[in-house]
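Everything in the sequence shown is counted per UniProt numbering, starting at 1 for the first residue and increasing by one. Beta carbons: idealized from backbone N, C-alpha and C, even for Gly. None of these values were measured; they are calculated from a predicted model.
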Amino acid sequence: MWFSNTTRNLASELNQWLEHLLSHRQPAGARPHLQQQPQLLGSLERLQRDWDELQRIRQHSEQQPAAPCSAEDYAALQRRLLQAEQQSARLQDELHANQTHNQGFLEERAHWEEERQVWELTKRTLTEGCWAMNVVDGDPDHPQNLIRWSEQFRELIGYSRAEFPDGWDSYFKVVNQDDLKAVMQAFNASMVDKSGDGFYAVEYRMQHKTRGRSLVPRARPLPARCPGQAALRHRRGARDQRRESRRAHARA
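Now the structure itself:
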């Protein structure tokens with residue numbers, strides 16, 4: 001009988017403890033029967049402490065502001081961030097490539113601006129028709145040599161730019177073939193002569209487009225060098241006044 005009462009009293013105290021725990025209240029009053037079970041009492045006290053800590057954490061969490069997004073939203077944002085970083089890297093590469101490309105254009109523009117200034121200088125030094133030629137490595141026969149005719153030179157023989165484009169082919173079509181060899185010999189000799197100043201004088205005949213008669217210009221080129229360029233420029237004067245003479249027709 002005594003054992004039965006002790007068990008009921010212990011169960012009653014244990015039930016009260018659990019009710020206080022679930023109701024978030026501290027257990028009150030003496031617990032003589034639980035105190036007689038120190039191991040059980042110690043476990044209940046640890047349970048009480050853990051429960052109190054759990055409630056404290058829960059309350060603290062409830063007081064915090066709501067998360068800005070769910071885990072799924074956060075993962076989606078992470079993917080979008082990765083895509084944006086990849087796109088940014090591609091754009092950086094494109095920007096670098098464009099900068100390199102633009103640098104090439106700027107260098108080419110500077111080159112042509114220098115060419116233009118030399119050409120303008122060449123034209124200002126003469127009062128008649130003129131031409132300019134880039135001689136690569138001092139080789140008059142170099143395939144990259146470029147001869148350019150001025151508008152005054154074209155007007156001298158009656159041709160437009162479209163009819164008389166830059167290059168030797170245009171010249172070979174209008175120059176008298178009997179004079180061509182002498183002209184080219186004089187020109188080539190001035191190119192290979194390292195001791196002289198490159199000056200030479202030669203007369204030759206050219207066919208005018210509309211007049212149908214030979215002109216006798218006098219070529220007097222004078223080499224001109226521009227700082228920073230290895231190409232050799234040649235300028236020449238050409239005139240037809242007082243050269244349309246009987247001697248010209250006699251040579252034709």
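{"Query": "Exposed or buried, which one is tyrosine 74 when buried takes at least 16 other CB atoms within 10 Å?", "Result": "exposed"}
{"Query": "Let me know the secondary structure DSSP gives glutamate 203 once reduced to three states.", "Result": "strand"}
{"Query": "Have a look at aspartate 137 and aspartate 193 and give me their C-alpha separation to the nearest angstrom.", "Result": "13 Å"}
{"Query": "Can you say whether tryptophan 112 is buried or exposed, counting buried as having 16 or more other CB atoms within 10 angstroms of its CB?", "Result": "exposed"}
{"Query": "Would a C-beta distance cut-off of 8 Å place asparagine 188 and proline 140 closer than the cut-off?", "Result": "yes"}
{"Query": "Taking Cβ to Cβ, would you say phenylalanine 164 is nearer than 8 Å to arginine 148?", "Result": "no"}
{"Query": "Could you check where the beta strand (DSSP E) with asparagine 145 kicks off and where it finishes?", "Result": "Unbroken run through asparagine 145: none, as it is neither H nor E."}
{"Query": "In its own chain, which residues sit with a C-beta less than 6 Å from the C-beta of cysteine 226, not counting the 5 before and 5 after it?", "Result": "Confidence at cysteine 226 is low in this model, with a pLDDT of 33, below 50, so its placement is unreliable and no value can be given for it."}
{"Query": "Out of Glu114, Asp178, Asp179, Met133, which has the shortest C-alpha to C-alpha gap to glycine 167?", "Result": "Met133"}
{"Query": "Which of helix, strand or coil does DSSP assign to alanine 71?", "Result": "helix"}
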